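Numbering-wise, the sequence shown is residues 1 to 196 according to the UniProt record's numbering. Cβ coordinates follow ideal geometry from the N, Cα and C atoms, glycine included. In this text the structure is predicted, and so the values were computed from the model without any measurement. Read the structure below first, then the notes.
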Amino acid sequence: MTGGISITPEQVLQFTGPTEDFLCPITANTYNIEFYRFTISDAESHKVLFDVERSSDDYESIENVALLPVEVQRSMRTINYRFPPSMLYRKTISAKLVFGINGDKPVPNFRMIERHYFRNTLIKSFDFNFGFCIPRSTNTWESIYDMPELTEEWKQAIVQGANEMVSDSFYFVDGKLVMHNKAIYAYNAPEVDYGV
1 MTGGISITPE QVLQFTGPTE DFLCPITANT YNIEFYRFTI SDAESHKVLF
51 DVERSSDDYE SIENVALLPV EVQRSMRTIN YRFPPSMLYR KTISAKLVFG
101 INGDKPVPNF RMIERHYFRN TLIKSFDFNF GFCIPRSTNT WESIYDMPEL
151 TEEWKQAIVQ GANEMVSDSF YFVDGKLVMH NKAIYAYNAP EVDYGV
């Protein structure tokens, strides 16, 4: 953790590699923002490639999670994706997120910056503004974006370098970092599982 150092959106947009640690404690999420469902689809065929859903009842309180061992907290803040190699050849992807604001405070200027790296090289950077979210609300956000253009050599290296593709997701409220999650990607899943 950064020990009280304020991290700004401008700073994370300059990062050239993944962070070694989380840049804010789990208790920074004073708005009780929770993610319920995340779906990734091929924007052209509408084929669902990834879908994970959690009930609000599955969430421990932030206060309880903060009492867990650091390694347990790290695992709760890291998601592992496994896609087939063909994912790297898709042109456009649709991402849909359902999230809840379970606190009593409004969430102004909710923003996510996500940085994807392979072997410490920036592959893609996303900057999404969710806008204003009212307290005690469930919200749905969807975006269609282009996959990064990679050479065949890069694609093969990514497939062979399972778990070397990583990302940092930074969530800001009015410019203040309130959440930081990580993801690890492997592109070695069987194609048959995805109906490709």
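- The region 111–120 and the region 56–65 do not touch, with fewer than three beta-carbon pairs separated by less than 8 angstroms.
- Residue pairing from DSSP places Gly131 in a beta bridge opposite Phe110.
- Boundaries of the beta strand (DSSP E) harbouring Asn181: 176–186, taken from the DSSP string.
- Following the DSSP letters along the chain, one finds Arg74 inside the alpha helix (DSSP H) bounded by residues 70–76.
- Here the C-alpha atom of Val98 lies approximately 14 angstroms from the C-alpha atom of Arg136.
- Selection Val107, Met87, Thr92, Asp168 evaluated against Ser125 yields Asp168 as nearest (Cα-Cα).
- Residue burial annotation: Asn29 is buried, with at least 16 other C-beta atoms found within 10 angstroms of its C-beta.
- Under the Cβ criterion (8 angstroms, minimum of three pairs), the region 134–151 does not count as touching the region 166–182.
- For the pair Asn80 and Ile158, the CB atoms are not nearer than the 9 angstroms cut-off.
- Taking every protein chain shown into account, the CB of Met179 has 16 or more other CB atoms within 10 angstroms, so this residue is buried.
- At the C-beta level, Ser41 and Lys96 come within 9 angstroms of one another.
- Close CB contacts of Gln73 within its chain, under the 7 angstroms cut and outside five residues either way in sequence, are with Ile26, Val65 (chain order).
- Residue burial annotation: Met76 is exposed, with fewer than 16 other C-beta atoms found within 10 angstroms of its C-beta.
- Residues Lys96 of the same chain have their beta carbon placed closer than 6 angstroms to that of Glu142, with the five preceding and five following residues left out of the count.
- The beta carbon of Asp127 is closer than 6 angstroms to those of Ile113 in its chain, skipping five residues each way along the sequence.
- Of the candidates Thr39, Asn139, Met87, the residue whose Cα lies closest to the Cα of Gln156 is Met87.
- Looking at Pro84, Ile134, Ser94, Trp154, the one whose alpha-carbon comes closest to that of Ile123 is Trp154.
- For Lys155, the enclosing alpha helix (DSSP H) begins and ends at 152–160.
- Boundaries of the alpha helix (DSSP H) harbouring Ile62: 62–65, taken from the DSSP string.
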